[in-house]
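Presented below is the structure to which this report refers.
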Amino acid sequence: MAERHLLIGNWKMNLGPTQAREFASTLAHRIPALTRTDVWVCPPTISLSAVCDELRRSSISVGAQNVHWAKSGAYTGETSPDFLKDIGITFSLLGHSERRTYFGETSETVAMRTESALAEGITAVVCIGETEQERMAGATQKVLQEQLEPVFKRIEATTALRLVLAYEPVWAIGTGKVASLEDIAATHQFIRGLWTNRGYQCQPTILYGGSVNPQNFREILGIKEVDGALVGGASIKLDQWLDLIAIAEATGI
Ligand code: PGA
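If you're matching positions, the sequence shown starts at 23 in my numbering and goes up one per residue.
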């Protein structure tokens, strides 16, 4: 298990540059000193520079919501890892279920993006998770394994250190439904098993995501296999986000 909690806010396609700057500025003023939690935020691409400016002197890291595998070229609409590094970005989400569902992202392209991000020194937060249908069919473990295999094939033990996994059941994202504590624990154990079988020596950081809020977070973070959370909706409501940070700070590792 990781030595610190990790809390990542995924702003999705919310908060354009002006709003994002204001939000980041208030967050920087109100965030407490952190002793056992790392707080990261992922604004939309167009707001990254503004948020980086605001948070440069804070303890909060800024990341992208996706990154391309090539450093430059004919890839309209994509973002190179070099461009991200140019403005001080240290990590990126990869394979979020909304990318997979609406934009045709496959586990193979997620793996290519992940490999490139890690090679360029950008920490990769790879999102995996089953749909409700897959869950009902008892296929959760098979789906997670299929999503992770192409990533594991491309990632060496030396770079695995900078790989974070986020388990987000698709049916729990933005729906108010949360997996049971037993299911979260069992699935995280399963993912840890896949990691160990791959032969990586380091321990993975594994986050839970899907309708995390200040009411349910304490219990979820209390599960020993869970290192933190990837949060959507509650990460752009300042009071809720600060409550989540306070819970992470108050919860033992
Ligand atoms: P949610 O989103 O917290 O709004 O369910 C989580 C995510 O999409 O990462």
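Built from N, CA and C at the ideal position, the CB exists for glycine as well.
Bear in mind the structure is a predicted one, so any value in this text is a computation, not a measurement.
In this structure Cys224 is exposed. Its beta-carbon is surrounded by fewer than 16 other beta-carbon atoms within 10 angstroms. For the beta strand (DSSP E) assignment, the uninterrupted runs of no fewer than 3 residues enclosed by the region 73-160 are, from N- to C-terminal side, 83-86, 113-116 and 145-150.
Here Ile228 is near His210, since their CB atoms are less than 9 Å apart. Cβ atoms of Glu142 and Lys175 stay farther apart than 8 Å, at about 19 Å.
Shown here, Thr209 sits in a helix according to DSSP, grouped into three states. Every beta strand (DSSP E) stretch that sits fully inside the region 158-238 and reaches 3 residues is listed by chain position as 185-189 and 227-231. Rounded to the nearest angstrom, the Cβ distance from Glu271 to Leu28 is 13 Å, too far for a contact under 8 Å. Taken through DSSP and simplified to helix, strand or coil, Trp62 comes out as strand. Remark: the shortest separation between the CB of His118 and any heavy atom of the ligand PGA falls under 8 Å. Within the same chain, Cβ atoms closer than 6 Å to the Cβ of His118 are found at Cys149, the five residues on either side in sequence being excluded.
Relative to the non-hydrogen atoms of the ligand PGA, the Cβ of Ile206 never comes closer than 8 Å to any of them. Residue pairing of Asn36 in beta bridges, as defined by DSSP: absent, with no partner found. Phe212 has its alpha-carbon roughly 33 Å from the corresponding atom of Ser102. One thing to note: Thr181 has its Cβ no nearer than 9 Å to the Cβ of Leu116. Straight-line spacing of the CA atoms in Lys199 and Tyr189 works out to 14 Å.
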